[in-house]
Every structure is written in structure tokens, then in C-alpha cells.
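Undergrad: Residues in the sequence shown are numbered from 8 upward in steps of one, following my numbering.
The beta-carbon is built from N, C-alpha and C at its ideal position, and this holds for glycine as well.
The model shown is predicted, which means the values in this text are computed figures rather than measured ones.
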Amino acid sequence: MINRELTDKKVFDIDINIKIDEFVSFYLKIVNRSLNHLGRHSENTAIVCNLLAKRMNFKCSELKLLKYGSLLHDIGKLFVPAEILNSSRLLSVVEFDIIKTHTSFGYEALDDFVSFPKDIKYFALKHHYRNGFGYPKNLLYNNGTDPLLVDILTVADSFSAIMEPRTYKNNVNTLKSYEIMSDETNDKNKGLNKEVMDSLKYLIDNKKISLNSFFN
Ligand SMILES: [Fe+2]
Ligand SMILES: [Fe+2]
């Protein structure tokens, strides 16, 4: 007969730590299965972040933070109804406000993982912030996370989203995507970091980013 007391003790003595690598691949498996564009978008954003950060001379530890942060930046979208996320029609203001909550929900969800670096949680919270423009409102620009890393993620996120096809739009080439983001008359582009945008232009001009790396 099994001694339940002993088995119980053994189970609860095990120190269960979730490694971030394991968590990221678990998350990508879920989104690749249920919200296909979100998995691809997360991976594309990670590729562009990596290219930008290397171009801007960031070192290994920052590249790692950006890798995990970019792969998880939209995790809060799991809390947004799929019919809104996958809608091909124009969204109402209320529906768009629901989508905007993905930043704080993402932060709160990641904050449950005490061993994950704070920076990664702030990337989820701030990737639509754009130096005071965007959302959520009233965040501190510098809360311990290097603001330039957040700015890299913000640019990479927008650039990837513009390039990628959606149910309501076709894919857009690299130069055209950059031009759309450079249009300062569009409120969506306010607050994008100039230095990061210059690095993006360098990568495009020197053919370091191509559509093939995204959609093949
Ligand atoms: Fe987002
Ligand atoms: Fe995103």
C-alpha cells in the first residue's frame, strides 16, 4: 500500500521553477494554434528587435531581454475576445478600448511569474506607450527599464504589424512600411524614437530585412 503521507511530502518538497524558455515556447504553441497571426507577429517582432538592437550596439544580456520581451509583448491579447482580435471589419471605439487593455493585462499576467525579469513585464505594459503618446496613459518614461529598449520594441512592433497580412489588409513591403511609420501627420506615429527609426532605415536600405525573412 502506498504511504500517502510520504508521497505528498515528496511532491511538495520539489522546487518547481518555470524557466522562461519553456514558458515562451508553451505560449507560442498556444497562439500558433489558436491565434495564428499573433504567433507569427511575435516572432517577426523578435527578429526586427534583434536586428535593431545589434545595429544599435546592445550587448548579449539586452538582446536576451528583448528576445523574451518581444516574444511575449502581446501576451495580454489572450484576454481579449477572439472575435474582436480576428475581426475583419472596422472596430468600434469601445472594441478598440478593449484591445488596448492587452498591455495592462499582459503586465499583470507576467507579474505572476516572480522569477521573470521586471523588464520583460514592462515591455508588455509599455510597447504602445511611445514617449508619452499612445497608451496606457500616465506611465513613467523611465522606471528602471532602459527606455531605448522599449523604444526598439515599439518600432519593431509597429513595423511588423504594418508589414504582416491580416484578415482586413494585405502585407506591405519594408520601404512602404517605413514610409507609413514616418508620416508625422498620422497620430499613430507620434513619439516613435528617431534614433531607432534611423536604424530601421539603415537596415532596410542595406537589405538586412526582407519580406522573405517574414513570410516564407
Ligand atoms: Fe500590442
Ligand atoms: Fe504587437
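K144 to V157, Cα distance in whole Å?
TA: Answer to the nearest angstrom: the Cα atoms are 15 Å apart.
Undergrad: Got a sec: does ligand 3 put a non-hydrogen atom nearer than 7 Å to the Cβ of D164?
TA: Summarising the ligand content, the structure contains ligand 1 and ligand 2 and does not contain ligand 3.
Undergrad: With a Cβ-Cβ cutoff of 8 Å, do Y142 and T110 count as a contact?
TA: For Y142 and T110, yes; Cβs fall inside 8 Å.
Undergrad: Below 8 Å between beta carbons: does that hold for D126 and L72?
TA: Going by C-beta atoms, D126 is nearer than 8 Å to L72.
Undergrad: From I187 to S99, what does the alpha carbon distance come to, in whole angstroms?
TA: Spanning the two alpha carbons is a distance of roughly 23 Å.
Undergrad: Leaving out five residues before and five after K107 in sequence, what residues of the same chain have Cβ atoms less than 7 Å from its Cβ?
TA: Y142, listed in sequence order.
Undergrad: According to DSSP, what are the bridge partners of K26?
TA: Answer is none; K26 lacks a bridge partner.
Undergrad: I'd like the span of the alpha helix (DSSP H) that includes D158, first residue to last.
TA: Unbroken alpha helix (DSSP H) run through D158: 154-170.
Undergrad: Which word fits H134, buried or exposed, when buried means at least 16 other C-beta atoms lie within 10 angstroms of its C-beta?
TA: By the 10 Å Cβ count, H134 comes out buried.
Undergrad: If I measure Cβ to Cβ from E115 and keep anything under 6 Å in the same chain, skipping five residues before and after, which residues do I get?
TA: Nothing meets the Cβ criterion.
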